[in-house]
Amino acid sequence: MPRVHRCWLAGGAALGVAVFLLGYGFRPTADTSHRASAPPSRNDPPDKPHASPSRRVPGPLRQHPPDLPAPIPPPYPADSPEHQDWIASRIADLNALAWYDDDDSLHRILAELSNPLPEIQAAALAATINFGSRDAIPRLEQLAAQSRDPKQQLALTDAIAYLKRPTLLEKLDTPPESGE
Amino acid sequence: MWGVVLRPSARKTACLTIPNTMKAKLNAILAAGLFLLPALPLHASVDSILTVVVNCYYQQKVSTAGDTIAGNVDIVRIDSKQLLVLLQKELAVYFPRGVQLELAADGKVYVVDAKSVVVMDVSTYISATVDVGERLLNGQRNLATKQENTRNYYPITLTFNLVALHGTIRGIMVESLTAGAPDRYGFNITNEKGNAIVNGSGSFNGKTAYFDGTLNLLGRTSR
Numbered sequence: 084m085p086r087v088h089r090c091w092l093a094g095g096a097a098l099g100v101a102v103f104l105l106g107y108g109f110r111p112t113a114d115t116s117h118r119a120s121a122p123p124s125r126n127d128p129p130d131k132p133h134a135s136p137s138r139r140v141p142g143p144l145r146q147h148p149p150d151l152p153a154p155i156p157p158p159y160p161a162d163s164p165e166h167q168d169w170i171a172s173r174i175a176d177l178n179a180l181a182w183y184d185d186d187d188s189l190h191r192i193l194a195e196l197s198n199p200l201p202e203i204q205a206a207a208l209a210a211t212i213n214f215g216s217r218d219a220i221p222r223l224e225q226l227a228a229q230s231r232d233p234k235q236q237l238a239l240t241d242a243i244a245y246l247k248r249p250t251l252l253e254k255l256d257t258p259p260e261s262g263e
Numbered sequence: 104m105w106g107v108v109l110r111p112s113a114r115k116t117a118c119l120t121i122p123n124t125m126k127a128k129l130n131a132i133l134a135a136g137l138f139l140l141p142a143l144p145l146h147a148s149v150d151s152i153l154t155v156v157v158n159c160y161y162q163q164k165v166s167t168a169g170d171t172i173a174g175n176v177d178i179v180r181i182d183s184k185q186l187l188v189l190l191q192k193e194l195a196v197y198f199p200r201g202v203q204l205e206l207a208a209d210g211k212v213y214v215v216d217a218k219s220v221v222v223m224d225v226s227t228y229i230s231a232t233v234d235v236g237e238r239l240l241n242g243q244r245n246l247a248t249k250q251e252n253t254r255n256y257y258p259i260t261l262t263f264n265l266v267a268l269h270g271t272i273r274g275i276m277v278e279s280l281t282a283g284a285p286d287r288y289g290f291n292i293t294n295e296k297g298n299a300i301v302n303g304s305g306s307f308n309g310k311t312a313y314f315d316g317t318l319n320l321l322g323r324t325s326r
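Protein sequences, first through last, are from chains A and B. In this text, residue positions in the first sequence follow this note's numbering: the first is 84, and each later residue adds one. In this text, residue positions in the second sequence follow this note's numbering: the first is 104, and each later residue adds one.
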């Protein structure tokens, strides 16, 4: 093979690698290690490798706190039939986590508040409310401060206001004040 | 203390000892019952996980001084997990961790575990009325393939019948149902998501209370 052709081939290969890496966006791979300890769910997401890079929904970038696991990115392309099924499955998983009381479940829910998919974000917020812990308030406040979407801000502040209220059980456990 | 209770659809597996003479009568009654069964609605609803996010307003304090009356209204939040704890307290039962409230298509409410196995029927204490007959349907459903992409609107009522919490909340459930093409075994995966803004009245800890909030349904089943 002539030297010129070899140079062209090498250059093309280097360009291909560069395009692949840029297309992949140097995104960190999802930390799925915590899924092994997940509570049993009927709808565990499939353990398939990333079929192809998924599209991100444009929106303000959020800093992800280091103490929370990374949100699980969608493993399928947005236009594939598996994508909607995966979203439904993740929503069911988040809903199931909300019925537990442990920190791990709460952290996994809070992590998904910064998921790029709005459906997962909404499900994570609903799960946070259903989880019912005031430990979620700092993260919600942080996200409300970062958000530039007024609708999202309202949803987050409503959730904070709800969680700050005393619970039915707390009231039942509190002895009645005199004069009530 | 908690026991596994079978749902009506699964109760045929329960082991019963019935004398032969009674068996014949029972069969006759069951056969007669088949003719008396009302026609099932076209839409087979999905058993759904029920989440309750409700504010409860009640009069905390009222005082009178001369011509002035002063009062304080307290607001407490009620959610599904608190209802589960309240059920455990009032019924002196224990539920395993991760249990959920499930609303069956017939309006019965069950405590189920994470694998959807019924732990307890709590319909006596929390029950729903789902007016399927009054359902408004928007979208398309293929009766042959069972593929569906619809948004349904129907009235829903949830009633609390606990010692500390009594009352009824009502609203319109807006439910999205999607069912894909049948898989190779002929089953369709149906996803249901519903949300209702509700309000109502009742009592909290013996005091008149008003409620507002949301009821959410989430279901995923193969049918």
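Beta carbons: idealized from backbone N, C-alpha and C, even for Gly.
Query: Enclosing beta strand (DSSP E) for Lys296/B [first to last residue]; Result: 292 to 307
Query: Nearest-angstrom Cα separation, counted from Tyr161/B out to Ile178/B; Result: 7 Å
Query: 6 Å Cβ shell around Ala181/A - same chain, five flanking residues per side excluded; Result: Ala210, Asn213, Phe214
Query: CB contact below 8 Å: Leu189/B versus chain A; Result: yes
Query: Positions along the region 230 to 252 of chain A whose CB lies within less than 7 Å of some CB in chain B; Result: Tyr245, Arg248, Pro249, Thr250, Leu251, Leu252
Query: Helix, strand or coil at Gln163/B according to DSSP, with G and I counted as helix; Result: strand
Query: Check whether Val214/B and Ser226/B have beta carbons under 8 Å apart; Result: no
Query: Residues that Thr154/B contacts on chain A, provided the C-beta gap is smaller than 8 Å; Result: Asn178, Ala181, Ala209, Asn213
Query: Beta-carbon spacing of Leu280/B, Thr271/B below 8 Å; Result: no
Query: Residue nearest to Thr260/B in terms of C-alpha spacing, selected from Lys296/B, Asn319/B, Lys164/B; Result: Asn319/B
Query: Within-8 Å CB hit, Leu255/A to chain B; Result: yes
Query: From Ser172/A, Ile155/A, Gln167/A, residue whose alpha carbon lies closest to that of Leu193/A; Result: Ile155/A
Query: Residues, ordered as in the chain, of the region 166 to 184 of chain B that lie near chain A by beta-carbon distance below 8 Å; Result: Ser166, Asp177, Ile178, Val179, Arg180, Ile181, Asp182, Ser183, Lys184
Query: Partner residues on chain B for Asp184/A, Cβ-Cβ distance less than 8 Å; Result: Lys184, Arg200
Query: Beta-bridge pairing of His269/B - partner residues as DSSP gives them; Result: Asn264/B, Ser306/B
Query: Cβ pair Ser166/B, Gly297/B closer than 8 Å; Result: no
Query: Coarse secondary structure for Pro122/B, derived from DSSP in three states; Result: The predicted model places Pro122/B with a pLDDT of 48, which falls under 50 and marks its position as unreliable, so this point remains unresolved.
Query: Span separating the alpha-carbon of Ala244/A from that of Glu224/A; Result: 10 Å
Query: Pairwise C-alpha distance: Asn175/B and Ala217/B; Result: 40 Å
Query: DSSP beta-bridge partners of Glu278/B; Result: Asn255/B, Gly297/B
Query: Where Gln250/B meets chain A, residues with beta-carbon distance less than 7 Å; Result: Per Cβ cutoff of 7 Å: no residues; Gln250/B is ~13 Å from chain A at best.
Query: First through last residue of the alpha helix (DSSP H) which encompasses Arg238/B; Result: First-last for Arg238/B: undefined, no H or E at that position.
Query: Neighbour-count burial assignment, Gly316/B, 16 or more Cβ in a 10 Å radius; Result: buried
Query: Any chain B beta carbon closer than 8 Å to Ala205/A; Result: no
Query: Cβ-based neighbour list, Ala285/B, same chain, cut-off 7 Å, excluding 5 preceding and 5 following; Result: The sequence given here places Pro at residue 285/B; Ala does not occur at that position. The answer, listed in chain order, is Thr248, Lys249, Asn291.
Query: Residue ranges of each alpha helix (DSSP H) within the region 161 to 242 of chain A, 4 or longer; Result: 164 to 180, 186 to 194, 201 to 214, 220 to 229
Query: Per-residue DSSP class, three states only, for Leu315/B; Result: Checking the sequence shown, residue 315/B turns out to be Asp, not Leu. Here Asp315/B sits in strand by DSSP.
Query: Under 8 Å from the C-beta of Arg287/B: neighbouring residues of chain A; Result: Correct list: empty, because the minimum Cβ distance to chain A is about 15 Å.
Query: Span of the beta strand (DSSP E) around Asp182/B; Result: 171 to 182
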